Each structure stands twice: as structure tokens, then as C-alpha cells.
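*Asks:* Here it is, the structure, as C-alpha cells.
Protein chains: 2
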Amino acid sequence: MTDMISRQILLAARPVGQPTPADFRFAESPLAAPAAGEMLLETHLFSLDPYMRGRMSAAKSYAKPIDVGAVMGGEGVARVLRSEHPGFREGDMVLAPTGWQTHAISNGAGVRKLDPAAAPVSTALGILGMPGFTAYTGLLLIGLPKSGETVVVAAATGPVGSLVGQLAKRAGARAVGIAGGAEKCAFGMTEYGFDAMIDHRAADFPAQLAQACPEGIDVYFENVGGAVWQAVLPLLNSYARVPVCGLIAQYNAVGDAPGPDRLPVTMRQILSKSLLLRGFINSEFAAGHYGDFLRIVGAGVADGSLRYREDIVEGLEAAPEAFIGLLEGRNFGKLLVKLA
Amino acid sequence: MTDMISRQILLAARPVGQPTPADFRFAESPLAAPAAGEMLLETHLFSLDPYMRGRMSAAKSYAKPIDVGAVMGGEGVARVLRSEHPGFREGDMVLAPTGWQTHAISNGAGVRKLDPAAAPVSTALGILGMPGFTAYTGLLLIGLPKSGETVVVAAATGPVGSLVGQLAKRAGARAVGIAGGAEKCAFGMTEYGFDAMIDHRAADFPAQLAQACPEGIDVYFENVGGAVWQAVLPLLNSYARVPVCGLIAQYNAVGDAPGPDRLPVTMRQILSKSLLLRGFINSEFAAGHYGDFLRIVGAGVADGSLRYREDIVEGLEAAPEAFIGLLEGRNFGKLLVKLA
């Protein structure tokens, strides 16, 4: 067998602020044939997620930075083209840390076999994957919504927010979603069953949010930060819970944020309302809860009671622009890159 | 019986920033004889606590503001001078919401009988009262220190911090205290058994704190806010817990805090380190845990294994100045006002 060529998107430079196309670089790299214990993967789809912005920076975080010149990391759905690994066979569909590339050699680490008969394989990157598990664990293990309470989530038509809303409804809570634009807001009501959807671009967004939460907010699922948090904070009820899984509004920030310093007000609210804030990464809960999650949410996907939406762009070359758009909220549903 | 006169300290004006003596006013008020179901109390000691600063302001908080012209509120230890209440007898020593005054009429609400043989009655305002229960619940129910972990607390020679340190040691944790000045720091080591004491007035305070916490911080018991929080934040370990019971450093703040805005950095740390922040008021846990607290900490006071220190000022007129000093950290131990 002649060597394969993997077509790849590399990190060309660490972005300062908003990433630009110049921070990415296209490359081709020859792959040796898989050795014993390895397999050759052909990527069908890979995932674009907000957390990748953090990995493009050198700053210490929960995930290691991507080296400049290395392939952009991330998960994909792939087909096993050739296997010298005892656990996988040619033709298997798998979830794997492929990164942004057409082919990869894998030793099986972090690879999970998918059953195309159980659910569309793309869902392993969305509602039945990391974003879905983030929604499930953050809402149900930290947010702990009770019947009659009010749950608020931003990016509400995205893969995390849309499941947060649907699981909040299942728990008997009032679900209020925040999204950008009339189309997303309408979709959140009809498709995901939010009780109210608020457009964060509206000039009177804080007032609209307050009106949509007449009994205050008991759970705020924090995935954006910034202006949304400022609007939510005064509405939080005593003993409200705030799972923090993302801060997309501040990922592109450069240097010190301008004043006033909003920390003292926030701390005072935490104290005077006995608030709970808890940062989390979904992997913390994998050992204890991933099985339940796949069973429960998988059943909802299978019977159509839990809905999702994908936003699929075509071709490796489209990935950088699509990722930049994701950080600006231009996607509408789980953003995936489909390879030919 | 002729009417009693209660000598009182009233709230004269809402302070702007640091309270001044002009914000308080001395008054005398006649008390009618107790009616059926009431009793006349003679205050022996009353408590000065940082939370009272919040009640002097009109801002909504967990406790209702004191009205301008009303008696400064708070708890005291009193003797029942005359009782028309079926639950209390003349001569009983009680813990009661006396406020800053020499005598009060009470209907028994919030009054608890004390046993002078079990512990000095003054401890009902300190280690065996609200401050002690705050330390106990915040550390043991929210902080959840494990053996070998590092617990940090500020105001470490105060009634809350000193018990946090001692209970952290009992849990097998390393206890690091923060206080103002060499005398308090020495006392924290010898009397309360802190493994290290750091003077927050030192120019290199953040570096000293880092050196005292070589394995990072697992529990930070937050009772001050401000510069101490800024020094603690980068040292927090993943999954660190931060019970928030007070923010004395910012109680006197006026208007917007100057920039930079420290909230984004804080939120990012909460996210990337999976931190828990939880505001609390001790009363949340009273129903479930007050009995255990009195039994466990009471035994430690009785056998001398749990230590405490009181800072007693004499006479009603001394209360305003002592309270102003409390907000500046000038007290050394639980601050109490003793009446003749």
C-alpha cells in the first residue's frame, strides 16, 4: 500500500482576539501504513466547538494548548479504512479524536465504536456526544431544576442550550431561552418547546428577560458570560444554581477588561442570595453518568421526543471560516464539517 | 413598677462608605412593664459583627435594613429581670435579639435559654453562636475538606476564621490563616494551630501566600473579598470549594468599583478549574445541623481542645467606635460590648 495523504488544517498562529483565516493553514501530510495495534481512519465529519478557541491560546486551561504548526484538534466521526487493531475492523464507524483532517492513524485511544442503526452517527458529535452530555450533567447534576422553577439558558438553539431547554421542560420547569435573531427565537419555541425565547440583540434585552421570568431565575446554565450574565444576575432567586460550562462572549478578549469592576457586585449577589456557581467539564461525570445519559437521551432521540438541529458545512477548507462564525453566533445548530 | 429606661444606640443616618460616629445616636427610651406573654430583659453583653454594616444600608440583602432612627439590631446575652412569659423565669440567662441597648421587652421570639454551667454565656455570641455555626457549616457542609488538603481562611484570629482553622486541622487538612499584623499571626500559630499565618499587610503578601500553599488551595473560606481573593484565585486547585460568608473588604464601598473588570478572569478560573463558589447564611443549615454543632463544638470548648478569644469593650457608648474598628480589623477576637 502506498502512503496515504491526509489533508489538514493546522494552527498557523495564536490568534490575538478574534481568530482570522490567517491563523489557520492548509497542509498535506503523508501517513505511513498502520503498524500493529493501529488503524487508518477516514474522517466523514468533524466537530467545531467553542472550547477550541481556548486551545488555540497558550494560556493554561483545562485542555492543553494546540502547538503552533500542529493539526487543529477535535473529535470526528470516521470510518476504519484499515485496521491492525484487535478492537476495530475495516468498515467500523467510530467516534475519534481525528482533528481537522481527512485521515488519521489511531492507536485506539479515545476511540468509540458507533452503531449507525441506533442513531445517525453525526449525533455522536452533538446531542449524543460531548455537547449533549454537557447539557445533561450541568443541568441535572448541578442545576437540579425542580418542578415549577425557572431555567434560563443562552445559545438556546445550539447543541447544549437546546438540550438544556428540553431537559428542563421534562423536569417540569419553565424554560427560557436566549438566542440571536428572530429566526432562532421562533425555532426555539416551536422545535424545542421553550416557554419564552429572548433575542439578546434587542435594545431592551434585560427588560425582556425580566418580563419572561416573572418569578425570577432558579437555574442559569452559563455558557456565554458577558452581557447575558449581567442581565441574569439581578433576576437570580435565593439558592439559585449556576452551572458554568462556557464563556463564549469572552473567549476573544485581549488584555484587561475595562472597568467598572463587576466582581464586587457579583460576589455580593453570591453572598446575599446564597448562590451556587460551579464550573465543570463534562468529562468529570463520564465514569458515573455516561451510560445513563446515552440510554436516556438516546431513547429520546430514537422516539423523536428530544430534538436537535445540525448546521453542516462542506469541505475541509470551509472549516476556519465556519469556526470564526461559530464564535460570532452565526451557526444555527450543531456545527459540523462534512468531508467528501 | 415604674417604667424602665432603656439606654440605646440608634442608627442616626445611613453611612456613605466607612461609618462615622455621626451615623449613630445615643437615646433613652422608657419601657412599659411586660404584658402577658412578654418579659423584661437586661442586656449583659451584645455582639458586634461585620454583617451589621449591611443592615445599616438601604440596599436589599439577606437581612432587612435597620430603619433610620431605630435601635441598632443584633444579638445579646441578657438576664430575665421579670417574666410574664410561660417559657422563661426571672434570673434566666438568655441569648436574645436585644440590639444595642441596655434593656428590652421581648415576647420570646428568637430567644434561647443558656446554661451558664455548660459554657461561659458569652460564647453564645461567638464560638457557640452565629460566628461558630457559620464556620462549622461553611467549612464542613460546603468546603468539605479532606485529609491532606489545604484550607485557607482570612480574618483568621476572628471568631469565624479561628474555628475554621481548628476544624480544618481536625479534618486532617493543612490550615493557612491570614490576618493583619505580627501579633495576630503569632497568636494564630500558637493558639489555634494554624500551619502558617500570613500578614495581609505585607508588601509581598501574594508571594508569601503562594509559598505557604505549596500544593495549592483546596478550600478557601471567603469572608473578606478584595485583595485577599485576588491573591487566592490563582492558587486554587481544580475542584476547589469556596464557601462565601462575608465580604468585609467591600462593605464600605461606594459606587462603581474602578476597573479593570476582574469578573471575566474570575469566571474563567471558575470554568477552567471547575471551581465551586457558594454563598451562604448560617441560618440555612440551622434546622438540620444546629444540634450537632452545639454538641461537637460545645464538647471542644468544654475540654479546651477548641479555643477562642474575646475582645470586650466596656459600656454602651463605646459600641460605635468599636464597630468602626471592627470593619478596619482593629479588633482581636470576638468583639463584644459589656454593659455595667
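Residue numbers (my numbering), protein chains in the order written: chain A, 604 to 943; chain B, 604 to 943.
For glycine and all other residues, C-beta sits at the position ideal for the given N, C-alpha and C.
Computed from a predicted structure; not experimentally measured.
Between A:Gly-828 and chain B, is the shortest Cβ-Cβ distance under 8 Å, so that the two count as touching?
*Replies:* Position 225 of the first sequence holds residue 828 of chain A. By this cut-off, A:Gly-828 is an interface position.
*Asks:* Any C-beta of chain B sitting closer than 8 Å to the C-beta of A:Phe-888?
*Replies:* The residue you call residue 888 of chain A lines up with position 285 of the first sequence. Not an interface residue.
*Asks:* Which residue marks the beginning of the beta strand (DSSP E) containing A:Lys-876, and which one marks its end?
*Replies:* Position 273 of the first sequence holds residue 876 of chain A. Neither: A:Lys-876 is in no beta strand (DSSP E) and is coded neither H nor E.
*Asks:* Check whether chain A comes within 8 Å of B:Thr-869, counting only Cβ atoms and requiring the distance to be less than that.
*Replies:* Within the second sequence, residue 869 of chain B is the residue found at index 266, counting from 1. Answer yes: the Cβ-Cβ gap between B:Thr-869 and chain A drops below 8 Å somewhere.
*Asks:* Going straight from the alpha carbon of A:Leu-634 to that of A:Glu-924, what length do you get?
*Replies:* Locating residue 634 of chain A in the first sequence gives position 31, where the first residue counts as 1. Locating residue 924 of chain A in the first sequence gives position 321, where the first residue counts as 1. For A:Leu-634 and A:Glu-924, the distance between alpha carbons rounds to 26 Å.
*Asks:* By the 10 Å Cβ neighbour count, where 16 or more other Cβ atoms means buried, how is B:Lys-787 classified, buried or exposed?
*Replies:* Taking the second sequence and counting its residues from 1, the one referred to as residue 787 of chain B is at position 184. So B:Lys-787 counts as buried.
*Asks:* Closer than 7 Å by beta-carbon distance: list the chain A residues that pair up with B:Arg-658, in chain order.
*Replies:* Position 55 of the second sequence, counted from the first residue, corresponds to residue 658 of chain B. In chain order: nothing, as chain A lies at least about 12 Å away.
*Asks:* Could you check which residue in A:Thr-646, A:Gly-751, A:Leu-614, A:Pro-734 has the C-alpha nearest to that of A:Val-714?
*Replies:* Along the first sequence, one-based indexing puts residue 714 of chain A at 111. Of the listed residues, the one whose Cα sits closest to A:Val-714 is A:Thr-646.
*Asks:* Where do the ends of the beta strand (DSSP E) carrying B:Pro-846 lie?
*Replies:* Mapped onto the second sequence, residue 846 of chain B falls at position 243. Run containing B:Pro-846: 839-847, per the beta strand (DSSP E) assignment.
*Asks:* Is it buried or exposed for B:Lys-876, if we count other Cβ within 10 angstroms and need 16 for buried?
*Replies:* Position 273 of the second sequence, counting from 1, holds the residue named residue 876 of chain B. B:Lys-876 comes out buried.
*Asks:* Measuring CB atoms only, is the segment 760-770 of chain A touching the segment 903-912 of chain A, in the sense that at least three cross pairs come out at less than 8 Å?
*Replies:* yes
*Asks:* For a cutoff of 8 Å on Cβ pairs, would you count B:Phe-883 as touching chain A?
*Replies:* Position 280 of the second sequence, counted from the start, is the residue given in the question as residue 883 of chain B. Cβ-Cβ to chain A under 8 Å: yes for B:Phe-883.
*Asks:* How should A:Glu-931 be labelled, buried or exposed, when 16 other C-beta atoms within 10 angstroms of its C-beta is the threshold for buried?
*Replies:* As a first step, residue 931 of chain A is located in the first sequence; it is residue number 328 there, counting from the start. By the neighbour-count rule (16 or more Cβ atoms within 10 Å), A:Glu-931 is not buried but exposed.
*Asks:* Roughly how many angstroms separate the alpha carbons of B:Phe-808 and B:Gly-780, rounded to a whole number?
*Replies:* Within the second sequence, the letter at position 205 stands for residue 808 of chain B. Within the second sequence, the letter at position 177 stands for residue 780 of chain B. If you take the alpha carbons of B:Phe-808 and B:Gly-780, they lie about 12 Å apart.
*Asks:* Let me make sure I understand the geometry here. Which of B:Gly-791, B:Gly-775, B:Leu-836 has the alpha-carbon closest to that of B:Thr-760?
*Replies:* Residue 760 of chain B sits at position 157 when you count from the first residue of the second sequence. With distances taken between Cα atoms, B:Thr-760 lies closest to B:Gly-791.
*Asks:* For B:Arg-865 and chain A, any beta-carbon pair shorter than 8 Å?
*Replies:* For the purposes of this step, residue 865 of chain B is taken as the residue at position 262 of the second sequence. So yes, B:Arg-865 belongs to the interface.
*Asks:* Beta-carbon within less than 6 Å of A:Ile-851's beta-carbon, same chain only, minus the 5 sequence neighbours each way: which residues are those?
*Replies:* Here the question's residue 851 of chain A lines up with position 248 in the first sequence. Cβ neighbours of A:Ile-851 beyond the five flanking positions: Pro-653, Val-827.
*Asks:* Take B:Phe-896 and list the residues in its own chain whose beta-carbon comes closer than 6 Å to its own, dropping the five residues that flank it on each side.
*Replies:* What you label residue 896 of chain B is simply residue 293 of the second sequence in a count that begins at 1. For B:Phe-896, where only same-chain residues beyond five positions count, the Cβ hits under 6 Å are Phe-736, Tyr-739.
*Asks:* May I ask you to list the residues that DSSP assigns as paired with A:Leu-643?
*Replies:* Position 40 of the first sequence, counted from the first residue, corresponds to residue 643 of chain A. A:Leu-643 pairs with A:Arg-685, A:Ile-708.
*Asks:* Can you list, in chain order, the residues of its chain with a C-beta nearer than 6 Å to that of B:Phe-627? Leave out the 5 residues immediately preceding and following it.
*Replies:* Here residue 627 of chain B refers to the residue found at position 24 when the second sequence is read from its first residue. Contacts found: Ile-612, Ala-615, Pro-923.
*Asks:* Have a look at B:Ala-799 and B:Arg-617 and give me their C-alpha separation to the nearest angstrom.
*Replies:* Taking the second sequence and counting its residues from 1, the one referred to as residue 799 of chain B is at position 196. Taking the second sequence and counting its residues from 1, the one referred to as residue 617 of chain B is at position 14. Straight-line Cα distance between these residues: approximately 39 Å.
*Asks:* Give the straight-line distance between the Cα atoms of B:Glu-752 and B:Gly-741, rounded to the nearest whole angstrom.
*Replies:* Looking up residue 752 of chain B in the second sequence gives position 149. Looking up residue 741 of chain B in the second sequence gives position 138. For the pair B:Glu-752 and B:Gly-741, the Cα-to-Cα distance works out to about 16 Å.
*Asks:* So, helix, strand or coil for A:Ala-630, using DSSP?
*Replies:* Position 27 of the first sequence, counted from the first residue, corresponds to residue 630 of chain A. Reduced to three states, the DSSP call for A:Ala-630 is strand.
*Asks:* How would you call A:Asp-859, buried or exposed, if buried means at least 16 neighbouring beta carbons within 10 angstroms?
*Replies:* Sequence index remark: in the first sequence, residue 859 of chain A carries index 256 (1-based). Exposed is the label assigned to A:Asp-859, since fewer than 16 other Cβ atoms lie within 10 Å of its Cβ.
*Asks:* Using the three-state DSSP reduction, which class does A:Met-607 fall into: helix, strand or coil?
*Replies:* One-based indexing of the first sequence puts residue 607 of chain A at position 4. Strand, per DSSP.
*Asks:* For A:Ser-725, decide whether its Cβ has a neighbour in chain B, counting only Cβ atoms nearer than 8 Å.
*Replies:* Along the first sequence, read from residue 1 onward, the residue named residue 725 of chain A stands at position 122. No - not a single Cβ of chain B is within 8 Å of the one on A:Ser-725.
*Asks:* Please state the DSSP three-state secondary structure of B:Asp-859.
*Replies:* The residue you call residue 859 of chain B lines up with position 256 of the second sequence. Coil at B:Asp-859, not helix or strand.
*Asks:* Hey, could you find the ends of the beta strand (DSSP E) B:Gly-780 is sitting in?
*Replies:* Residue 780 of chain B sits at position 177 when you count from the first residue of the second sequence. Per DSSP, B:Gly-780 belongs to the beta strand (DSSP E) from 777-782.
*Asks:* A:Met-604 to A:Ala-902, Cα distance in whole Å?
*Replies:* Against the first sequence, residue 604 of chain A aligns to sequence position 1. Against the first sequence, residue 902 of chain A aligns to sequence position 299. For A:Met-604, the predicted model reports a pLDDT of 49, less than 50, meaning its position is unreliable; a value from the coordinates is still stated below. One C-alpha to the other measures close to 42 Å.
*Asks:* Using only alpha-carbon positions, find the residue among A:Leu-874, A:Thr-869, A:Gly-640, A:Ala-890 that is nearest to B:Ser-664.
*Replies:* Here residue 664 of chain B refers to the residue found at position 61 of the second sequence. Taking only the C-alpha atoms, the option nearest B:Ser-664 is A:Leu-874.
*Asks:* Suppose you measure from the CA of B:Lys-716 to the CA of B:Arg-692; what does that come to, to the nearest Å?
*Replies:* Stepping through the second sequence from its first residue, residue 716 of chain B is reached at position 113. Stepping through the second sequence from its first residue, residue 692 of chain B is reached at position 89. Going by the C-alpha atoms only, they are around 10 Å apart.
*Asks:* If we define contact as Cβ-Cβ less than 8 Å, is B:Ile-899 a contact residue for chain A?
*Replies:* As a working mapping, residue 899 of chain B is identified with position 296 in the second sequence. It does not; no Cβ of chain A falls within 8 Å.
*Asks:* At the 8 Å Cβ level, is A:Ser-765 part of the contact set with chain B, yes or no?
*Replies:* Taking the first sequence and counting its residues from 1, the one referred to as residue 765 of chain A is at position 162. Chain B contact via Cβ: absent.
*Asks:* Can you find a C-beta in chain B that's less than 8 Å from the C-beta of A:Tyr-665?
*Replies:* Mapped onto the first sequence, residue 665 of chain A falls at position 62. Interface residue (Cβ-Cβ distance to chain B less than 8 Å): A:Tyr-665 is classified as such.
*Asks:* In the DSSP output, which residue or residues are listed as bridge partners for A:Phe-824?
*Replies:* Position 221 of the first sequence, counted from the start, is the residue given in the question as residue 824 of chain A. DSSP, once it has assigned bridges, lists A:Val-756 as partnering A:Phe-824.
*Asks:* Just to confirm the assignment, what range does the beta strand (DSSP E) spanning B:Glu-913 have?
*Replies:* Along the second sequence, one-based indexing puts residue 913 of chain B at 310. Start and end: 913-917.
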